[in-house]
Amino acid sequence: MPYLIYNSLLYIGAFILSPLITWRLATTKKHRAGFSQKLGFYPPRNREKTIWIHAVSVGEVVTAEKLARALSVKAPNFKIVITVTTPTGHEVATKKLSDIADILYFPYDFSISAKKAVQAINPAIFITIDTEIWPNVMRACKKAGACVVLANGRISDRSYPRYKSLSWFFKAVLLNVDAFLMQGETDAKRIVETGADPLRVKVTGSLKFDSTPPGTPADKETLKRLLGIGPNEKIFLLGSVHEGEETAIRGAIKAQTAFGELKIVIAPRRIENLGWIEKTLEGTGLTATRKSQMPKIPEAKEKSVLIIDTFGELSKLYSVADLVFVGGSLINHGGQNPLEPAGYGVAPMFGPSMSNFRDVAETLLGCGGAWRVENETEIENLALSLLNDPQKRKKAGASAKSAVDKNRGTTDRTAEEIVKVMNG
3 MPYLIYNSLL YIGAFILSPL ITWRLATTKK HRAGFSQKLG FYPPRNREKT
53 IWIHAVSVGE VVTAEKLARA LSVKAPNFKI VITVTTPTGH EVATKKLSDI
103 ADILYFPYDF SISAKKAVQA INPAIFITID TEIWPNVMRA CKKAGACVVL
153 ANGRISDRSY PRYKSLSWFF KAVLLNVDAF LMQGETDAKR IVETGADPLR
203 VKVTGSLKFD STPPGTPADK ETLKRLLGIG PNEKIFLLGS VHEGEETAIR
253 GAIKAQTAFG ELKIVIAPRR IENLGWIEKT LEGTGLTATR KSQMPKIPEA
303 KEKSVLIIDT FGELSKLYSV ADLVFVGGSL INHGGQNPLE PAGYGVAPMF
353 GPSMSNFRDV AETLLGCGGA WRVENETEIE NLALSLLNDP QKRKKAGASA
403 KSAVDKNRGT TDRTAEEIVK VMNG
């Protein structure tokens, strides 16, 4: 009955939305990307037994990379397939993993497309990363004799009430899962309350600790020169900030006004719409400089804020920043990854909304390797405190890096549990 209800709603929804879907396919390139594969039509493949890993987009691909490589070593006789949902995820997966895996688009979760995908991919095991639960794909895998594993599992504060209220449905779906490898005890408790068999649930930790670079910083002086940042200026990086987090920008501006030699660098989560940042800067006396419009060797500019509107820059910026605010945490989003700056020995500050990285955030806060801030005054005061006390900044950064290094090893634990499931 739960599947009957789910599939009925799925098909009714598709019928109602079909005009919008057709219009998007006709007018938007990104919606056409991989469309035939999403319907279950895949290029011919050898009928090798396959480890199928689903990583919805860029963040999950980065998280899954080391797990995929570990499994390629621990189970060398199996082909690996990585599926993604977004074009950017496909691009990153191709760049990072095409040497060991086929990169495909994930099918829509209709029973027909799920069945065709399983027939084409021929999985021995289906591994879904984080919170991706796809009822028809999971059931099709089980019917085909494949194992199903939820790896790096988590249930966010925002999703938990909804999942729990639908436990009558999820209990039927989760019967198809052989192992739940959860990030923390809270996640383990929540998946059981959602309907998972507690005997199949295990806490293995967060794969994100291993996906964090071990810390090879960029050449700070060279990077500052290329970004038009003065040699004596400190860098306050606002990483992965979202629209609605103008508070963080205003707090940074106040710190800059008080301190003087401080360069604000903003790396927005989405670069398609930068108008909200530029609007926040209006009336401050600061100009916005977009990275994409800078000359190769720009002149250092006072009274300017640098906006990073190009891909692939954030990691090296974290490695040279003096102060970091991690975005997605002052709005109801759940936060972005604080481990990236922490892995470089830069203690991040973030807002109260960190449910996407709950255990990670608590680990960093608990060791003195991060700070929680709630408004622009707290951001300003903390920034000035750290700028005026280099030893405090250095000590917190060392604590952050130590916490990351101590928690590495989740990939091997997770891979070993997956191989156990595969071996029955």
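So the sequence shown is numbered by the working numbering: it starts at 3 and just counts up by one.
We treat Cβ as the ideally placed atom computed from N, Cα and C, and that holds for glycine.
Closest residue to residue i among the options (Cα-Cα distance)
{"i": "residue 211", "options": "343, 141, 247", "result": "343"}
{"i": "residue 12", "options": "112, 83, 93", "result": "112"}
{"i": "residue 318", "options": "253, 291, 226", "result": "226"}
{"i": "residue 341", "options": "205, 61, 419", "result": "61"}
{"i": "residue 161", "options": "245, 26, 189, 365", "result": "189"}
{"i": "residue 139", "options": "273, 231, 103, 176", "result": "176"}
{"i": "residue 255", "options": "184, 58, 286", "result": "286"}
{"i": "residue 236", "options": "323, 283, 208, 294", "result": "323"}
{"i": "residue 117", "options": "279, 145, 360, 259", "result": "145"}
{"i": "residue 230", "options": "270, 294, 201, 36", "result": "294"}
{"i": "residue 202", "options": "152, 89, 311", "result": "152"}
{"i": "residue 228", "options": "296, 129, 17", "result": "296"}
{"i": "residue 339", "options": "147, 259, 271", "result": "271"}
{"i": "residue 415", "options": "205, 337, 253", "result": "205"}
{"i": "residue 410", "options": "365, 8, 393", "result": "365"}
{"i": "residue 358", "options": "248, 377, 337", "result": "337"}
{"i": "residue 251", "options": "214, 380, 143", "result": "380"}
Beta bridge counterpart(s) of residue i as assigned by DSSP
{"i": "residue 52", "result": "81, 125"}
{"i": "residue 183", "result": "153, 204"}
{"i": "residue 327", "result": "240, 351"}
{"i": "residue 297", "result": "Note: residue 297 sits in no beta bridge, so no partner."}
{"i": "residue 307", "result": "290"}
{"i": "residue 405", "result": "Per DSSP, none; premise fails for residue 405."}
{"i": "residue 269", "result": "241"}
{"i": "residue 373", "result": "351"}
{"i": "residue 264", "result": "236"}
{"i": "residue 131", "result": "153"}
Residue i, enclosing beta strand (DSSP E) - first and last residue
{"i": "residue 155", "result": "149-155"}
{"i": "residue 88", "result": "Careful: residue 88 lies outside any beta strand (DSSP E) and carries neither H nor E."}
{"i": "residue 104", "result": "104-107"}
First and last residue of the uninterrupted alpha helix (DSSP H) at residue i
{"i": "residue 11", "result": "4-29"}
{"i": "residue 249", "result": "248-261"}
{"i": "residue 136", "result": "Element bounds for residue 136: n/a, residue is neither H nor E."}
{"i": "residue 172", "result": "169-176"}
{"i": "residue 420", "result": "412-424"}
{"i": "residue 361", "result": "360-368"}
{"i": "residue 61", "result": "60-76"}
{"i": "residue 320", "result": "316-322"}
{"i": "residue 38", "result": "37-40"}
{"i": "residue 282", "result": "277-283"}
{"i": "residue 341", "result": "341-345"}
{"i": "residue 379", "result": "378-389"}
heavy atom of the ligand GTP below 7 Å from residue i C-beta
{"i": "residue 419", "result": "Absence of the ligand GTP is noted for the structure shown, with no ligands found whatsoever."}
Worksheet item: Which runs of the alpha helix (DSSP H) fall wholly inside the segment 186-244 and span at least 4 residues, in chain order?
Response: Those alpha helix (DSSP H) runs which fall completely within the segment 186-244 and span 4+ residues are 187-196, 210-213, 222-228.
Worksheet item: Given 8 Å as the limit, is there contact between the segment 101-117 and the segment 404-423, that is, 3 or more CB pairs closer than that?
Response: A contact is defined here as three or more CB-CB pairs under 8 Å, and the segment 101-117 fails this definition with respect to the segment 404-423.
Discussion item. Below 8 Å, how does it come out for the segment 57-74 and the segment 88-105: are there three or more Cβ pairs, yes or no?
Written reply: Yes: the two stretches touch, three or more of their Cβ pairs being nearer than 8 Å.
Discussion item. Under 8 Å, with one C-beta from each stretch per pair, do the segment 343-356 and the segment 171-180 reach the 3-pair mark?
Written reply: Touching, no, given that fewer than three Cβ pairs across the two stretches are closer than 8 Å.
Worksheet item: Touch check for the segment 34-49 and the segment 375-391: three-plus C-beta pairs under 8 Å?
Response: No, the segment 34-49 does not touch the segment 375-391.
Worksheet item: With contact counted as at least three CB pairs below 8 Å, one residue from each stretch, are the segment 49-58 and the segment 190-210 in contact?
Response: Contact between the segment 49-58 and the segment 190-210 is absent, because fewer than three Cβ pairs lie under 8 Å.
Fill in: the segment 325-338 contacting the segment 129-143, beta-carbon criterion three pairs below 8 Å
At 8 Å Cβ cutoff, the stretches do not touch.
Worksheet item: Using 8 Å as the Cβ pair cut-off and three pairs as the minimum, do the segment 262-279 and the segment 305-313 touch?
Response: Contact between the segment 262-279 and the segment 305-313 is present, with at least three C-beta pairs closer than 8 Å.
Worksheet entry | Cβ pair count under 8 Å reaching 3, the segment 74-87 against the segment 145-158 | The segment 74-87 makes no contact with the segment 145-158, as fewer than three CB pairs between them are under 8 Å.
Discussion item. Pairs of beta-carbons, one from the segment 361-377 and one from the segment 235-245, closer than 8 Å: are there three or more?
Written reply: Verdict: no, contact absent.
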